[in-house]
Structures are given as C-alpha cells and as structure tokens.
Amino acid sequence: MSDRRTVFLIAHTGREAALRSVEGLVDGLLRAGIRIRLLESEAVGLDLPDGVELVPGGHGAADGCELILVAGGDGTLLRGAELARESGLPMLGINLGRVGFLAEAERDDLATVVERVVAADYEVEERMTIDVLVRTNGDVLHEDWALNEASVEKAARERMLEVVTEVDGRPVSNFGCDGVVLSTPTGSTAYAFSGGGPVVWPEVEALLMVPISAHALFARPLVTSPDSVLAVEVQPRTPHGVLWCDGRRSVELPAGARVEVRRGKTPVRLARLHRAPFTDRLVAKFALPVTGWRGRSAH
Numbered sequence: 008m009s010d011r012r013t014v015f016l017i018a019h020t021g022r023e024a025a026l027r028s029v030e031g032l033v034d035g036l037l038r039a040g041i042r043i044r045l046l047e048s049e050a051v052g053l054d055l056p057d058g059v060e061l062v063p064g065g066h067g068a069a070d071g072c073e074l075i076l077v078a079g080g081d082g083t084l085l086r087g088a089e090l091a092r093e094s095g096l097p098m099l100g101i102n103l104g105r106v107g108f109l110a111e112a113e114r115d116d117l118a119t120v121v122e123r124v125v126a127a128d129y130e131v132e133e134r135m136t137i138d139v140l141v142r143t144n145g146d147v148l149h150e151d152w153a154l155n156e157a158s159v160e161k162a163a164r165e166r167m168l169e170v171v172t173e174v175d176g177r178p179v180s181n182f183g184c185d186g187v188v189l190s191t192p193t194g195s196t197a198y199a200f201s202g203g204g205p206v207v208w209p210e211v212e213a214l215l216m217v218p219i220s221a222h223a224l225f226a227r228p229l230v231t232s233p234d235s236v237l238a239v240e241v242q243p244r245t246p247h248g249v250l251w252c253d254g255r256r257s258v259e260l261p262a263g264a265r266v267e268v269r270r271g272k273t274p275v276r277l278a279r280l281h282r283a284p285f286t287d288r289l290v291a292k293f294a295l296p297v298t299g300w301r302g303r304s305a306h
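In structure tokens form, the structure reads like this:
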C-alpha cells in the first residue's frame, strides 16, 4: 500500500468514548499505510502516534487528501460537510452521537470502516445543497449555503415573527410564526422534520418550505421543484429575526429583510458503504415499529 494516500479526519473529541474511537481509527489506518491529517485544534487530548499531520485549518487544508472521514454526532458531520463542499472530496461519516442520518457507519463498525477505506471500497453520491441570499432594501447583506436547511427564526422569545412566504416570485401567505425552515431533501429528517414537514427520500430533487408554529389557517409544508426560488420576507413592523444555516452559521435579519433560497451550485459528496434503501435507514434511525410486516405476496 502506497504511503502517499492521505485521509483527512474530523472528529468530536469531547467525550472519552469518542477519544478512544478516534484513536482506534487513526491506529488502524496508519498500520495500513494511510496517512492521517487532522486539525491542530482537534488534536487536544488525543494520544496520537508519529505520522499524523496536524494543520491549522483554513482554505486548502484538505489538499492532497482522498477522503474526509468524520467521527461524531450531527454537528460534527455538518462541520465535515463544510470541508467536503469546499474541497470537493467525498465525506464518510461515523456516528458517535444519537441519530446521525448523514453517517454511514456506527461506533461498532470502526474495523469495517478501516478495511473499506484501505480498499477504497465505497461509492460516492451527491447531495444537493441550497444557496442562501439575504437582501435589505435591494442590497445583498449576506450570502451563505446549507446542506440541511436555512431557517428564518424569531430572535425575541416573547414576540412572533411576521413573515410573507413566496415561491417563484409569487406570494403564498403571510402569518406570524416562530420561524420558517427552507430545506433540502437531506434536511427533511432534521429541523424540517421537527416542524412537521414531510420526509423526502434523498434521491428526490426538491425544495421544502416548512412553517414553524404558524398562526394561520393555511401554513402547510410545501414541496416545490428543485429549480424553484423560495423566499421569506420579514415584515417591516416585526422585530428583527435571525437566519441560521445548518444550525452552525447565523446572521441577524433586520425588519424588512428578505431571505432567498435556491438550489446550490456546489453539492456535497457522500461516501457510501452500503446500498441499503433509505427506507431501512429511516426505520433504523427512528426505531420505527414494523412488527407484523409480511412483505409482498409471492403470487
């Protein structure tokens, strides 16, 4: 095995069990002749052998790597997605948290992960993202992106956010609410799911608009074309709001701000170890009851 192969490792190291899992991954890959690159800030508390390259982060941190290996919960996986999108490298997630829909393996699968990475035995699929634009008085205030969702939320607990929703340049409804989630199919099992939105299979290309605790007769979740442009306008008479992208990056929305969401130009590439259908993943992650299922008839 060539010693020129390098994997970038992003890990959550805040718990003892996570530390041990990460150290096991590092040891297995190094013994197979694959070099490891790690952020300096994430090396604290790890007992790392020689051969691990520490980098400060920033643009180009993953240059020369073949894969981004992420070990942690949903927040860590989304952090890995940021580097995956920037670098164009596939991301392979190992769930060390609770649900972990973006993860391809669990804590007990570490040995298998090492074997498959060493053999480069995985498939790569692309997940659509969204590009996010915030305008005020016609001027661009902020640009961002998300893999899961962009959420327009109220900033003051005691006051609802007054908004007007829009699809493809046409108004849909105005109402007071706690917020509106603008989601990809990947994000349909995240914040949008908590708000009562539909579960959308990842291979379906679509955009979702899910109102959160809306005071309105019509405030149903909407599923639109992936080529649609969704918008949420914060009414001038309302208190300011806040925009969150993937729950990681935020910007204040002044009264009168307009948030536009469209299909992202740059997807995120995910490495897959299993060909199991999304239905099985959904049942396993949410521990859904399927007792009594007999399957299709043999006739």
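Residue 44 in my numbering sits at position 37 of the sequence shown, with consecutive numbering throughout.
Built from N, CA and C at the ideal position, the CB exists for glycine as well.
Residue span of the beta strand (DSSP E) that contains residue i, given as start and end
i      : result
Arg265 : Arg265 to Arg270
Gly160 : Sequence check: residue 160 is Glu here, not Gly. Looking at the DSSP string, the run of the beta strand (DSSP E) that includes Glu160 is Glu156 to Lys161.
Arg44  : Arg42 to Leu46
Gly87  : Careful: Gly87 lies outside any beta strand (DSSP E), inside the alpha helix (DSSP H) at Asp81 to Ser94.
Glu73  : Where Glu73 is concerned, there is no enclosing beta strand (DSSP E), given that its DSSP letter is neither H nor E.
Met98  : Met98 to Asn102
Which of helix, strand or coil DSSP assigns to residue i
i      : result
Leu109 : coil
Leu295 : coil
Thr143 : strand
Ser9   : For Ser9, the pLDDT reaches just 46, beneath the cut-off of 50, and the residue's location in the model is therefore unreliable, although a value from the coordinates is still provided. Three-state result, Ser9: coil.
Glu212 : coil
Val290 : helix
Arg282 : coil
Asp151 : strand
Leu36  : helix
Arg276 : strand
Gly50  : According to the sequence displayed, residue 50 carries Ala and not Gly. Three-state result, Ala50: coil.
Ser28  : helix
Ser257 : strand
Ser180 : strand
Thr231 : strand
Thr193 : helix
Arg114 : helix
Glu23  : helix
Gly66  : Looking at the sequence provided, one finds His at residue 66 rather than Gly. Three-state result, His66: coil.
Glu169 : strand
Spatially closest choice to residue i from the options, by CA coordinates
i      : options                           : result
Ser158 : Glu49, Pro56, Val77 and Ser201    : Ser201
Val14  : Val290, Pro63, Cys184 and Ala127  : Ala127
Arg176 : Asn144, Lys161 and Arg269         : The question names Arg, but residue 176 in the sequence shown is Gly. Residue Arg269 is the option with its Cα nearest to Gly176.
Leu214 : Phe225, Ala226, Ala223 and Ala238 : Ala238
Ser51  : Arg42, Ser190 and Val29           : First, the residue type needs correcting, since residue 51 is Val and not Ser in the sequence shown. Of the listed residues, the one whose Cα sits closest to Val51 is Val29.
Val141 : Val290, Leu260, Leu289 and Pro192 : Leu260
Ala162 : Val258, Glu210, Ala69 and Arg301  : Val258
Thr231 : Gly183, Glu212 and Pro218         : Glu212
Val106 : Val125, Leu32 and Leu84           : Leu84
His281 : Ile41, Ile101 and Pro56           : Ile101
Gly79  : Glu111, Gly204, Val236 and Arg164 : Glu111
Ala291 : Val188, Asp146, Arg123 and Phe108 : Phe108
Glu89  : Glu132, Val275 and Met216         : Val275
Thr136 : Asp253, Ala278, Phe293 and Ser304 : Asp253
Residue i - containing alpha helix (DSSP H), residue span
i      : result
Val125 : Leu117 to Val125
Ala238 : First-last for Ala238: Leu237 to Val241, but that is the beta strand (DSSP E), not the alpha helix (DSSP H).
Phe200 : Tyr198 to Ser201
Classification of residue i by the beta-carbon crowding that lies within 10 angstroms, buried from 16 upward
i      : result
His19  : buried
Arg227 : exposed
Glu49  : buried
Ser195 : buried
Gly302 : exposed
Val2   : Only positions 8 to 306 of the chain appear in the structure, and residue 2 is not among them; the question remains open.
Val206 : exposed
*Any chance the segment 229–242 sits against the segment 150–169, with 3 or more Cβ pairs inside 8 Å?*
Contact between the segment 229–242 and the segment 150–169 is present, because at least three Cβ pairs lie under 8 Å.
*Within the chosen definition, does the segment 92–100 reach the segment 63–81 through at least 3 CB pairs nearer than 8 Å?*
yes
*asked:* Any contact between the segment 146–153 and the segment 297–305? By contact I mean 3 or more CB pairs, one from each, below 8 Å.
replied: no
*Given 8 Å as the limit, is there contact between the segment 246–254 and the segment 277–291, that is, 3 or more CB pairs closer than that?*
no
*Could you tell me whether the segment 257–267 touches the segment 118–125, using the rule of 3 or more Cβ pairs below 8 Å?*
no
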